[in-house]
Structure formats: structure tokens, C-alpha cells
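To keep things clear, I will list the structure first and then write my remarks on it.
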Amino acid sequence: MPQDVLPENKIPVIRVPAMPSDLNQGGTVFGGWIMSQVDIAGSIPAAERAGGSIVTRAVDSFEFKKPVFAGDLLSCYAEVVKVGRTSITVHVEVYAQHMVKGVVTTMAVTEASLVYVAIDERGKPRAVPKV
1 MPQDVLPENK IPVIRVPAMP SDLNQGGTVF GGWIMSQVDI AGSIPAAERA GGSIVTRAVD
61 SFEFKKPVFA GDLLSCYAEV VKVGRTSITV HVEVYAQHMV KGVVTTMAVT EASLVYVAID
121 ERGKPRAVPK V
């Protein structure tokens with residue numbers, strides 16, 4: 001994430017506002033709430049690529065760069081970066097748009113790499129279809 005602007009020519013997978021109920025006692029959004037949004041965002045292209053059900057297998061990396069506050073609008077961009085036999089790795093970038101007195105500031109707040117596994121109706125790993 002080289003710059004603090006929304007990526008051009010990309011559409012966010014999800015956009016969600018941070019609410020006061022999402023705050024920790026320090027006044028910023030719980031990291032776990034952000035991690036949940038990242039997992040949801042990452043699961044969307046993973047499930048599309050898998051052509052069906054997936055489960056989260058691992059989070060290879062997760063870096064919090066800046067805090068998120070109530071009222072900030074989170075935009076999550078997710079992209080499949082690797083496909084294995086049963087696994088799909090997705091990179092997610094998250095930006096927050098913070099508005100004060102009508103001025104919007106955009107900040108890159110976190111990024112993560114997640115691994116999902118395609119599963120069958122019994123919950124067992126299955127092969128990811130070839131494209």
C-alpha cells in the first residue's frame with residue numbers, strides 16, 4: 001500500500017462503516033472487528049474462485065498500520081494471489097475514510113494475506129477447479 005488513497009481501477013469487495021459499538025475502551029475500533037471484516041472480504045473472491053464452499057485455513061500475515069475510529073468507512077479490496085490444489089491465498093488491503101467537518105481523509109489501515117481451503121459437502125478438502 002504505497003499511498004493513502006483508494007486504489008484506482010479497483011472495486012472494493014465490501015464497504016462497511018465502523019460503529020460506536022465496535023470500539024474498544026481506548027476509543028478505537030477493536031482489531032478483532034477489523035480482522036472479521038478482512039476475513040469476510042477475503043472469503044468472497046476465494047469462494048468465487050473455488051466455485052463453492054471454503055473455510056479459512058490460516059492468516060499468513062496481518063499488519064495494523066493506523067487506527068480506525070467510529071464513523072470511519074472501511075473499504076476492503078481483496079485479490080486472489082495464489083491457487084493450490086485445494087487452497088486459495090487472498091491478499092486484502094483495507095482503507096478507512098475519515099470525515100471531519102466535511103473533509104475526507106483516506107488512510108491505508110491494514111493489509112493481510114489469508115489462506116482458504118475449498119471444501120465439499122462433508123467439510124473435507126476438495127480440489128479447486130482449473131480455470
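Residue 131, in full-length UniProt numbering, is where the sequence shown stops; the numbers in between run on with no holes. Note that beta-carbon positions come from the ideal geometry of N, C-alpha and C, so glycine has one too. Note that the coordinates shown come from a computational prediction; the quantities given were computed from them, not determined experimentally.
From the options, residue whose alpha carbon lies closest to that of residue i
i: V55; options: K130, V131, A127, G123; result: G123
i: L114; options: P17, V29, S87; result: S87
i: S75; options: Y95, T110, V131, T106; result: Y95
Collapsed DSSP secondary structure at residue i in the structure displayed
i: D39; result: helix
i: K11; result: The question names Lys, but residue 11 is Ile in the sequence shown. Coil.
i: A47; result: helix
i: S53; result: coil
i: E22; result: Sequence inspection shows Asp at residue 22; the Glu mentioned does not correspond to that position. Reduced to three states, the DSSP call for D22 is helix.
i: A118; result: strand
Distance between residue j and residue i (C-alpha atoms, nearest Å)
i: D120; j: V103; result: 48 Å
i: Y116; j: P12; result: 19 Å
Stretch pair the region 31–46 + the region 58–74: three plus CB contacts closer than 8 Å: A contact is defined here as three or more CB-CB pairs under 8 Å, and the region 31–46 meets this definition with respect to the region 58–74.
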